[in-house]
Structures are given as C-alpha cells and as structure tokens.
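Data block below; observations after.
Residue numbers (this note's numbering), protein chains in the order written: chain A, 2 to 554; chain B, 2 to 554.
Below you can see the structure in the form of structure tokens.
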C-alpha cells in the first residue's frame with residue numbers, strides 16, 4: 002500500500018512542481034509509439050478491445066443482476082457490450098460503506114492508489130484509444146492522445162492539487178501559548194482530513210475520460226467514494242477506468258466499492274436520481290448547458306462543479322501571416338468536427354476588412370482564405386478522416402442540415418469520402434452580419450461556424466467578449482498586429498472570464514488546453530462554474546476535523 | 002502603495018508560515034496593555050468612543066442623504082449614532098465600478114492595503130473594544146480581545162490564505178513543448194487573477210468583527226469589492242472598520258468604494274435585497290440557522306459561505322480532576338452568557354455516574370459539582386460581570402424565562418448584582434433525561450444549558466455526535482480517562498464534522514478557537530458550510546484568466 006506511494010513519488014513531486022510552475026510538463030507520453038508503450042502495445046490494445054465486443058463487461062460490483070448499455074460506434078460498429086445494472090440506492094449505499102476505510106486512510110495512501118490507477122490506465126492507453134474512438138467518434142490519434150495520456154495528465158493534475166492541499170494540513174502539532182512569567186499553555190492537536198461524502202462524476206460522450214478524470218481523481222484522492230456515471234453512449238472508457246481502479250483499491254486493502262460504475266441506458270436514465278440522492282455530497286458534471294442548469298438547480302445543497310459549454314469566438318483584426326492565420330483557424334474549426342468544448346464557432350471580422358502581410362483583405366476575402374485553407378486541409382480524404390473523426394451524435398447531423406439557412410454559405414458541409422458506415426461531416430461555414438445574433442449567439446454544437454461582419458475592431462472585441470460573458474465561453478482567440486488592440490482584448494476577455502490565445506499561426510490551436518499549464522475553464526462565465534484544475538477545484542472536497550488536548554506533562 | 006506591502010511583509014511571511022504550521026502564533030497582542038498600545042491608548046480609545054455618541058457617523062460614501070441606525074448598548078447606553086443610508090443598487094453599482102481598478106491591481110498591492118487596514122484597526126483596538134462592548138454586550142476584556150486583536154488575527158489569517166493561493170499562480174510563464182528533432186513550440190503565457198464580483202459580508206450582533214473579518218478580508222484581498230452589512234444592533238464596529246479601510250484604499254490610490262457599509266434599521270432591513278441582488282457574487286453570512294437557510298436557498302447562483310450555529314455538547318465519562326473539569330465546564334457555560342457560537346449547551350453524563358479522582362460520582366453529584374464551580378466563579382459580582390458580560394438581545398432574556406420549565410432546575414438564572422441598567426443573566430442549568438430530546442436538541446441561545454442523563458458512555462457519545470451531525474455543532478468536548486473511549490469519541494466526532502477538545506481542566510476552554518491553529522467550523526455539519534479559514538475559504542473567491550501567444554522569435 003505504502004508501496005504505491007513510494008513507487009510514484011517522483012511523478013507526484015514533479016506534478017506538484019508543475020502545477021506551481023505551469024510551464025510545459027507531462028507525465029504520460031502522448032506519442033502512440035511502440036518504443037514507449039511496447040512494440041506489441043498497439044496490437045494488444047486492439048485485440049483487447051475486440052475481445053470486449055458483444056460480451057458482458059466483467060465488473061464485480063453491487064448489481065440488480067440486470068444488464069444495461071448499448072453503445073454503437075459513430076464509425077458504425079455495434080459494440081453490443083452490456084454492463085451490470087445497479088440502482089442509485091445500491092451504489093450510494095455501497096460507496097458510503099466503503100468510504101469509512103478510504104476516508105480514514107492517510108493522504109499518502111490514497112494518493113498512492115490514485116497514482117497506481119493512473120499508471121495502469123496509462124499502460125493500457127491503446128485499449129483506451131480504441132474505446133474512446135468507438136464511443137466518441139474521435140479519430141484514432143486524438144482518441145489515443147486526448148483519451149489516453151492527456152486525460153491521464155489531467156487526472157494526475159487533480160491528484161497533485163489534492164495532495165498539495167491536503168499536505169498543507171499538518172497531521173499533528175503542539176500549540177504552546179506563552180503566559181508571561183507563568184508556564185505556557187500547551188495543547189497537542191491532531192488534524193484529520195475527512196471526506197465530504199459520496200461523489201458523483203457525470204461524464205460526457207465526446208471526451209469520456211478527458212473531461213471526467215479531473216473530478217473523479219480530485220474526489221477520490223480527498224477521501225470520497227466516487228460513483229462514475231458515464232454517458233450512455235460512451236460507457237466503455239469509464240467502465241475500463243472503474244475496473245482498473247477497483248483492482249488497485251482491492252490490492253491496497255480497500256473496499257473496491259470506493260469506485261463504482263453507474264451505467265444506464267438512454268431510455269432509462271438514472272442520472273437525475275443520482276444527482277438528487279440525499280447520500281450524494283459532490284457532483285461533477287460535464288455536458289450540455291441545459292442539463293448543467295438542471296444539475297445546478299437540483300443539487301443545491303451539494304458541492305457542484307460543472308463544465309457546460311459556450312460559444313467560443315475568434316476575433317480577427319489583422320495579421321502578419323494571412324496564410325498562417327487561415328490555416329490555423331481552418332484546423333481549429335475542423336478538428337474533431339467542432340465537437341470540442343474548446344472549439345471556436347464564431348469568427349468576428351470587421352466588415353471593412355483587415356490589414357495583412359498580403360495587403361488589405363476584405364471581409365469576404367478573409368472568409369474565403371479560411372475556406373481555402375479548410376479545403377486544402379480536408380482535400381485528402383484520409384487526412385480529412387484523421388482530422389474530423391466521426392460525428393458522435395445523430396442530432397449533430399440534423400443540426401448541420403437545419404443551420405444551413407442561417408446565413409450565406411461560405412463552405413458547405415459534406416460527408417467524407419471513404420468513411421462509409423460512419424457519421425461524417427466536413428465543416429459548414431456561414432457568413433452573417435453582426436446584427437444576426439439569433440443565428441450565431443446560440444451554441445451550434447458540431448462543425449458549424451459563422452464568419453461575422455462587425456462595425457470594426459472595437460465592435461468585434463466587444464461582441465465576442467459580451468458573448469463570452471453572457472453565453473459562456475471556454476476559449477477565445479485574437480489575431481492582431483497592434484499591441485494596443487491586444488491589450489484591450491486581453492482586458493475585455495479577462496473581464497468576461499475567458500482565456501485568450503493571441504496570433505496562433507503555427508502548430509498550437511485555440512482548442513488545445515494543456516494540463517499543468519492552461520487553466521481549463523475559468524469558472525467565471527456560464528461555460529462552467531469551476532476551473533479544471535486549480536486549488537478551488539480540490540480544496541473544498543475535504544474538511545478538517547481536530548482533536549486537541551492538554552499535552553501530557 | 003508598494004510601501005504598504007513592504008511595510009508589512011514580515012507580518013505576512015509569519016502569517017503564511019503560521020497557517021501551514023498551525024501552532025501558536027498571533028500578530029496582534031491580546032493584552033490591553035499601555036506598554037504595548039501606548040500609555041494613553043486606553044483613555045484615547047474611551048474618549049474617541051464617547052466622541053461618537055449621539056452624532057452622525059462620518060462616512061463619505063454613496064448615500065441617499067438619509068440616515069439610519071439606532072444602537073442601544075446592552076449595558077443601557079443609547080448610542081444614538083446615525084449612519085449614511087444607501088440603497089442596495091447604489092452600493093452594488095459603486096462597488097462594481099470601484100472593482101475594476103482593485104481587481105486589476107497585483108495581489109501584492111491588494112494584500113498590502115489589507116495589511117495596512119488591519120494595522121490601523123489594531124492601533125485603535127481600545128476604540129474597537131468600546132464599540133464591540135456597547136453593541137454586543139461583551140465584557141470589556143473580551144470585547145478588547147475577541148473584538149480587537151483576535152478578530153484582527155482572523156482577518157490576517159484570511160489575507161495569508163488569500164495571498165498564499167494567489168501567489169501560487171505565476172504571473173507569467175514560458176511554455177516550451179519539445180517536438181523531437183524539430184524546434185520546440187514556445188508560448189508565452191500571462192495569468193491574471195480576476196475577482197468573482199461584488200462580495201456581501203453579513204455580520205452578527207454578538208461578534209461583529211471576529212465573525213466578519215475572515216470573509217471581509219478574504220474577498221477584499223482576492224480583488225472583489227466588499228459591501229459590509231452589519232447587524233442593525235452592532236453597526237459601529239463595522240462602520241469603524243469600513244472607514245479605516247476606505248482611508249487606506251484612497252491613500253493607496255484606489256477607489257474607496259471597494260469597501261462599503263450597508264447600514265440599516267431593524268424595522269427596514271435591506272439584507273434580503275442585497276443577498277438576492279444580481280450584482281452580488283459572493284455572500285458571507287454569520288447568524289442564525291433560520292436566516293442562514295434563507296440565504297443558502299436564495300443565493301443559489303452565488304458563492305455562499307455561512308457560519309450558522311448549532312448545539313455544542315460536552316460528554317463526561319470520567320476524569321482525573323473533578324474540580325478541574327467542573328471549573329472548566331462552569332467557565333465555558335458562563336463566558337459571555339453562553340452567547341458564543343462555540344459555547345456548549347448540552348452536558349451528557351451517564352445516569353449511573355462516573356469515576357473520578359474523588360471516587361465514584363453520581364449523575365446528580367456531577368451536575369452539582371458544575372453548579373458549585375459556577376456559584377464560586379460568579380459569587381463575586383464584579384468577577385461575574387467580567388465573565389458574563391451583558392445579554393445582547395432582549396429575546397434571550399425571554400428565552401431564559403420560558404426554558405426554565407424544560408427540566409429540573411440545577412441552577413437558576415438571576416440578574417447580576419450591580420449591573421444596573423444592563424441586561425444580565427447568570428446561567429440557567431437544567432437536568433433532563435436523554436429521552437427529553439425536544440428540550441435539549443434545539444438550540445437555546447444564551448446562558449441555558451442541560452445536564453443530560455444517558456444510558457452510559459457509548460450512549461452519551463453517540464447522542465452528542467448524532468446531535469452534531471444532524472443539528473450542527475461548532476465545538477465538542479470530552480472528559481475521559483480511558484484512551485479507548487477517547488479514540489472512539491474522536492472517530493465519532495470527526496465523522497460528525499466537529500472539532501473535539503479532550504480533558505480541558507486548565508486555562509483553555511472549549512469555546513476558544515485560536516486563529517492560525519484551530520480550524521474554526523469544519524463546514525461538514527449544519528453549523529456552517531465553510532471553515533474559517535482554510536484554503537477552500539479563499540481559493541474560490543478569485544479566478545484565473547490567461548493570455549497566451551507564441552513567443553517572439
């Protein structure tokens with residue numbers, strides 16, 4: 002048990018240093034390379050995935066005896082995996098009971114278990130890549146990276162914050178108050194970390210691990226039992242997570258019911274019952290603003306952390322690299338078919354055009370430059386498939402169809418050649434005027450974007466910042482050559498509670514938020530009420546109970 | 002401006018070390034000594050207080066032009082001080098506007114201002130002692146200590162936590178991601194602390210400064226504007242605080258409306274309007290559970306920190322110092338007439354009695370020992386006045402009268418000889434059986450206590466812990482000679498989320514929670530949803546906004 006902590010102490014130390022330094026750092030290699038993960042790792046992961054298809058998923062936890070789950074890959078494959086069914090009462094009861102021993106463990110013991118879970122998940126990154134790919138629809142490379150090492154880094158980041166905060170509460174202390182010439186008053190105090198209660202972590206279908214691991218590991222490390230509620234369309238990646246977690250917990254001598262899976266079917270959902278269960282103390286939610294609002298309103302006596310969504314904007318006021326800018330924006334709009342919570346939707350451009358390294362460009366020419374870059378990026382079907390992946394939800398396909406009339410079509414959406422059996426769609430780009438707010442201020446989830454003509458630079462910044470503040474936004478980007486414009490935008494977007502990327506023209510994209518460096522979501526606008534991660538994300542998940550008594554003479 | 006930070010850097014460094022070490026530390030001397038505060042400080046404070054009586058309080062802030070406030074000292078003196086009236090809209094608007102500059106300041110600048118405010122408050126501790134005494138009814142010594150240096154220590158503790166958390170977010174960082182043989186990707190990132198919004202701090206009548214300073218300074222240091230809403234019966238201590246704060250803010254070049262007073266009259270309260278104001282983002286509340294519940298239910302989209310109240314218990318299972326125990330309990334029940342949120346109400350004793358250093362003592366003998374110790378403590382009227390102080394609220398006097406019939410009177414309450422014109426009451430002690438839950442499980446605020454006959458040691462611990470868990474409790478105490486009993490109680494009270502004091506027989510009392518060492522309130526039972534202070538108390542009061550851009554080549 003202590004062995005796990007010692008085994009991963011070096012990783013933890015580096016992670017704790019990284020959350021303070023916030024430069025580049027990663028614990029888990031993002032390259033799906035045989036040199037790193039073992040020469041047979043790719044084939045092994047593929048085989049392990051295939052072995053799960055069409056079978057009951059083996060998970061030894063409290064169950065009604067019934068089975069649930071019916072995942073179908075956005076690439077067409079019917080996974081036909083079933084999971085043990087459990088009622089919310091069963092899960093909460095099992096978690097509550099298991100939490101006694103888990104909460105009484107030392108922070109080091111718990112953190113050791115968390116780090117071992119992450120290490121074992123990391124070792125199976127190729128299996129996770131397949132599981133994430135065939136639930137979320139992400140292309141393989143993204144599924145490997147975002148679903149694997151990047152998600153693991155985010156879990157580790159939460160563990161590091163949790164350890165750091167718990168570690169700052171001393172276990173024992175002698176309190177010695179001077180009494181002038183008399184003997185001091187001396188008390189011995191013992192401080193004990195106590196959990197808040199059973200935590201519920203609600204996952205989403207697009208990033209089942211990446212979005213779930215911060216809350217899951219933050220709650221787990223701080224002594225709470227965790228019920229993991231996957232989206233019915235993306236159960237497998239979290240079922241694998243829970244299975245590995247339970248194995249490690251049991252090996253370390255803890256009740257494996259510290260970590261539980263709450264699988265359900267879309268037509269018989271149990272999420273609401275879990276959220277409102279009086280035995281649930283903490284809720285982490287990633288998903289739609291509509292359901293997020295429901296969670297916030299119905300879990301009012303609980304700790305609630307949400308990452309909902311928003312409308313992310315790019316403001317274009319000028320550039321010294323038109324091609325770099327257009328290529329960067331085109332990639333950001335295409336990546337995973339706009340299904341990232343960080344993906345931009347709205348591109349604000351002054352209606353009178355902008356200055357560039359290629360001279361003055363009109364509004365239409367800027368839109369056209371992005372379209373051309375996109376055509377080039379997606380011209381090769383194989384590369385297109387690798388960038389776009391598949392569309393997770395059939396509703397997104399319908400949305401593309403209905404949104405086509407919301408503006409002038411700059412670039413139409415189409416299926417990707419060769420992706421037969423899969424739901425695929427290249428980006429739809431529409432040009433609108435700033436006054437057409439009904440079209441673009443609403444979130445249009447998926448590969449749908451708007452190029453918006455504004456009265457000028459100030460209007461563009463003001464509209465994008467106001468949109469972030471009122472509708473929520475997780476990312477924002479700016480292209481500008483004037484430092485005064487950059488400063489002004491930095492102030493406006495900070496006030497709107499959104500991180501700003503400036504002049505990205507190379508291999509970094511506004512959609513990418515790196516663990517240990519970027520504060521993903523600020524918690525300061527409607528896109529989410531928390532940051533994943535910062536101190537605030539973990540510090541409230543535990544409390545401190547004291548025992549104090551006069552020191553023995 | 003930087004001057005303030007440098008001036009108090011040493012104090013800050015020690016405070017930050019203290020919140021980590023959590024041994025004894027205090028920045029502000031608790032002895033009302035001329036050697037420390039200046040030989041004329043006592044007389045000056047008294048004169049400054051007298052000069053305020055019967056006059057409009059001078060506070061230059063947005064106002065309707067009307068005046069409010071009508072404080073009458075529990076000792077009889079009509080303060081007849083009036084304060085500028087302001088509407089919630091005026092206050093929120095002024096605070097919002099002032100917050101722009103305050104939020105954009107560096108953490109060091111803001112913390113410097115906070116430390117200077119505290120230093121100036123400290124220098125006027127005698128004035129504050131008079132103000133606290135004649136609003137709360139505390140005796141002079143407690144008013145000086147708890148209303149002065151101890152409250153200031155708590156403000157400083159919050160500032161130290163805030164600085165520590167903000168300080169861990171680097172202002173700038175270079176992010177350099179290796180790209181194998183290619184050049185790394187290099188981004189420069191700037192992280193900016195952004196405030197949550199206008200904060201409301203609601204004070205109580207019994208500890209107007211001690212209970213208000215943690216939330217006030219936590220919000221202030223993290224960049225929020227703060228509207229201080231005093232209890233209509235205890236405005237003066239917070240009006241003085243706001244006046245000093247505004248002076249320092251203005252001197253440092255900030256808009257003084259960063260700190261505002263929201264005084265009102267009991268018959269025209271504005272608290273609810275402030276709590277539900279859409280421009281208010283943070284609410285700190287200290288007060289009754291009834292109003293606390295209203296605040297929690299009606300400020301659901303805001304950050305809410307409450308210290309409500311509970312029913313604090315002492316469990317007596319045995320002692321090796323009957324006299325020490327009886328004296329300690331008697332003092333705890335008497336101090337400030339039981340009006341402390343930390344004061345015990347219920348003393349659980351096995352009905353078959355306990356073993357002591359003076360042999361076996363029956364239930365009645367234990368109760369009698371406490372009564373005798375109390376009679377001795379309060380036998381001298383002057384000492385009684387110094388321990389008991391006055392009763393803040395007339396309703397408490399009525400409560401004593403109506404509670405008299407709830408059990409067998411062990412010791413009756415009476416006015417204190419010589420405290421003419423003041424509301425005074427010595428403790429009422431009642432003996433009841435554990436089954437009389439309706440009598441003792443409800444909070445009976447004031448000098449009212451119950452000695453409760455239980456089936457034995459386990460029953461006593463279980464009842465006290467369950468009471469803490471379900472009704473809330475801020476403190477608990479245990480007397481035991483058996484280490485196994487102590488361990489068992491430690492587990493039970495930790496699970497109930499309450500700090501436990503064991504075998505206090507000397508000069509430390511269960512009512513006393515020291516800044517920088519004791520975690521006051523756990524946040525883990527209904528007595529409050531937060532701890533004052535820990536990291537969680539401050540970390541969520543600010544957010545981080547990022548600007549990132551490719552590093553210049």
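Just so it is clear, CB atoms sit at the ideal spot from N, CA and C, and this is done for glycine as well.
Practice item. Confirm, please, whether the CB-CB distance from residue 515 of chain A to residue 494 of chain A is below 7 Å. Key: To locate residue 494 of chain A, count along the first chain from 1; it is residue 493. To locate residue 515 of chain A, count along the first chain from 1; it is residue 514. No.
Practice problem: Could you give the DSSP three-state label for residue 480 of chain A: helix, strand or coil? | Solution: One-based indexing of the first chain puts residue 480 of chain A at position 479. Strand, per DSSP.
*If you compare alpha carbons, which of B:124, B:338, B:547 is closest to residue 45 of chain B?*
In the second chain, counting from the first residue as 1, residue 45 of chain B sits at position 44. The shortest CA-to-CA distance from residue 45 of chain B to any of B:124, B:338, B:547 is the one to B:124.
Does residue 26 of chain A get closer than 7 Å to chain B when you measure Cβ to Cβ? On the first chain, position 25 is the one that residue 26 of chain A refers to. Cβ-Cβ to chain B under 7 Å: no for residue 26 of chain A.
Worksheet item: Exposed or buried, residue 281 of chain B, counting other C-beta atoms within 10 Å across all chains shown (16 or more means buried)?
Response: Within the second chain, the letter at position 280 stands for residue 281 of chain B. When all chains shown are included, residue 281 of chain B counts as buried.
message: Considering Cα atoms alone, identify which of B:415, B:317, B:464, B:458 is closest to residue 437 of chain B.
response: Reading the second chain from its first residue, position 436 is the one you call residue 437 of chain B. Nearest C-alpha to residue 437 of chain B: B:464.
| message | Measuring CB atoms only, is the region 202-212 of chain A touching the region 239-247 of chain A, in the sense that at least three cross pairs come out at less than 8 Å? | response | Taking 8 Å as the limit for Cβ pairs, the verdict is that the region 239-247 of chain A does touch the region 202-212 of chain A.
| Using a Cβ-Cβ distance under 7 Å, would residue 10 of chain A count as near chain B? | Against the first chain, residue 10 of chain A aligns to sequence position 9. No - not a single Cβ of chain B is within 7 Å of the one on residue 10 of chain A.
Beta carbon of residue 229 of chain A nearer than 7 Å to that of residue 221 of chain A:
Here residue 229 of chain A corresponds to residue number 228 of the first chain, with the count starting at 1. Here residue 221 of chain A corresponds to residue number 220 of the first chain, with the count starting at 1. No. Outside cutoff.
Open item on the list: Let's test the definition: count the other Cβ atoms within 10 Å of the Cβ of residue 96 of chain B and tell me whether it reaches 16, buried, or not, exposed.
Closed with: On the second chain, residue 96 of chain B is found 95 positions in, with the first residue counted as 1. Buried, because 16 or more other Cβ atoms sit within 10 Å of the Cβ of residue 96 of chain B.
Which residues in chain A sit within 9 Å of residue 520 of chain B, going by Cβ to Cβ distance? The sequence position of residue 520 of chain B within the second chain is 519, counting from 1. By Cβ distance, chain A contributes 170, 192, 544, 545, 546, 547.
- prompt: CA-CA distance, residue 290 of chain B and residue 446 of chain B?
  reply: By one-based count along the second chain, residue 290 of chain B stands at place 289. By one-based count along the second chain, residue 446 of chain B stands at place 445. Distance between the alpha carbons of residue 290 of chain B and residue 446 of chain B is about 12 Å.
Under 6 Å: does the beta carbon of residue 147 of chain A sit that close to some heavy atom of the ligand ADP?
Ligands in the displayed structure: none, and consequently the ligand ADP is not present.
So which residues of chain A does residue 495 of chain B contact, with C-beta pairs closer than 8 Å? Sequence index remark: in the second chain, residue 495 of chain B carries index 494 (1-based). Those are 193, 195, 546, 548, listed as they occur along chain A.
- What residues of chain A sit near residue 498 of chain B, judged by a beta carbon separation below 8 Å? Indexing the second chain from 1 puts residue 498 of chain B at position 497. Ordered by position in chain A, the residues that pass the 8 Å Cβ test against residue 498 of chain B are 195, 544, 546.
### Query
Any beta-carbon of chain B closer than 7 Å to the one on residue 295 of chain A?
Against the first chain, residue 295 of chain A aligns to sequence position 294. No, residue 295 of chain A does not count as interfacial toward chain B.
If we require 3 or more residues per run, which beta strand (DSSP E) segments fall completely within the region 53-119 of chain A?
none
message: Is the beta carbon of residue 93 of chain B closer than 7 Å to that of residue 199 of chain B?
response: Reading the second chain from its first residue, position 198 is the one you call residue 199 of chain B. Reading the second chain from its first residue, position 92 is the one you call residue 93 of chain B. Yes, the Cβ-Cβ distance between residue 199 of chain B and residue 93 of chain B is below 7 Å.
**Asked** Enumerated in chain order, which unbroken segments of the alpha helix (DSSP H) with a length of 4 residues or greater are wholly contained in the region 207-242 of chain B?
**Response** 214-222
Determine the burial state of residue 343 of chain A: buried for a count of at least 16 other Cβ atoms within 10 Å of its Cβ, exposed for fewer. One-based indexing of the first chain puts residue 343 of chain A at position 342. Classification of residue 343 of chain A: buried, given that the 10 Å Cβ count is 16 or more.
ask   = Among B:355, B:256, B:235, B:6, which one has its Cα closest to the Cα of residue 62 of chain B?
value = Position 61 of the second chain holds residue 62 of chain B. Minimum Cα distance to residue 62 of chain B is reached at B:256.
Length at least 4, wholly inside the region 252-324 of chain A: the alpha helix (DSSP H) runs in chain order | 272-276, 290-299
Checklist entry - Is it right to say residue 32 of chain B is buried, meaning 16 or more other beta carbons lie within 10 angstroms of its own, or is it exposed? => result For the purposes of this step, residue 32 of chain B is taken as the residue at position 31 of the second chain. By the neighbour-count rule (16 or more Cβ atoms within 10 Å), residue 32 of chain B is not buried but exposed.
Against chain B: residues of the region 503-527 of chain A by CB proximity under 8 Å:
503, 504, 505, 506, 507, 508, 509, 515, 518, 519, 520, 523, 524, 525
Straight-line CA distance for residue 24 of chain B to residue 535 of chain B?
By 1-based counting over the second chain, the position of residue 24 of chain B is 23. By 1-based counting over the second chain, the position of residue 535 of chain B is 534. Going by the C-alpha atoms only, they are around 15 Å apart.
**Message:** Using CA atoms only, rank isn't needed, just tell me which of B:433, B:461, B:466 is closest to residue 1 of chain B.
**Reply:** The structure shown does not extend to residue 1 of chain B, since chain B spans only 2 to 554, so no value can be given for it.
* Asked: Going by alpha carbons, who is nearest to residue 357 of chain B out of B:389, B:66, B:322?
  -> What you label residue 357 of chain B is simply residue 356 of the second chain in a count that begins at 1. Answer by Cα proximity: B:322.
Practice task
Determine the closest residue to residue 43 of chain B out of B:121, B:127, B:66, B:36, with distance taken between C-alpha atoms.
Solution key: Counting from one through the second chain, the residue named residue 43 of chain B turns up at place 42. The candidate whose alpha carbon is nearest that of residue 43 of chain B is B:127.
Q | Close beta carbons around residue 368 of chain A, own chain, < 6 Å, minus the five adjacent residues each side | A | For the purposes of this step, residue 368 of chain A is taken as residue 367 along the first chain, with counting starting at 1. Taken in chain order, the residues that qualify are 411, 432, 452.
Margin query: Quick check on residue 116 of chain A - is its C-beta less than 7 Å from some C-beta in chain B?
Written below: Here residue 116 of chain A refers to the residue found at position 115 when the first chain is read from its first residue. Answer no: the Cβ-Cβ gap between residue 116 of chain A and chain B never drops below 7 Å.
### Query
Can you list, in chain order, the residues of its chain whose CB lies under 7 Å from that of residue 105 of chain B, leaving out five sequence neighbours each side?
For the purposes of this step, residue 105 of chain B is identified with residue 104 of the second chain, where counting begins at 1. Hits under 7 Å: none found.
C-alpha gap between residue 551 of chain A and residue 234 of chain B, whole angstroms: The residue given as residue 551 of chain A occupies position 550 in the first chain. The residue given as residue 234 of chain B occupies position 233 in the second chain. In a straight line, the C-alpha of residue 551 of chain A is about 38 Å away from that of residue 234 of chain B.
I want to verify the contact list: residues of chain A whose CB lies under 7 Å from the CB of residue 178 of chain B, in sequence order.
Working through the second chain from its first residue, we reach residue 178 of chain B at position 177. Correct list: 25.
Starting from residue 401 of chain B and walking both ways along the alpha helix (DSSP H), at which residues does that stretch end? Here residue 401 of chain B refers to the residue found at position 400 when the second chain is read from its first residue. 395-404 is the extent of the alpha helix (DSSP H) around residue 401 of chain B.
| Reduced DSSP category for residue 184 of chain A - H, G, I as helix; E, B as strand; rest coil | To locate residue 184 of chain A, count along the first chain from 1; it is residue 183. The three-state secondary structure of residue 184 of chain A, taken from DSSP, is strand.
Strictly below 7 Å CB to CB, what residues from chain A border residue 166 of chain B?
To locate residue 166 of chain B, count along the second chain from 1; it is residue 165. Here the neighbours are 536.
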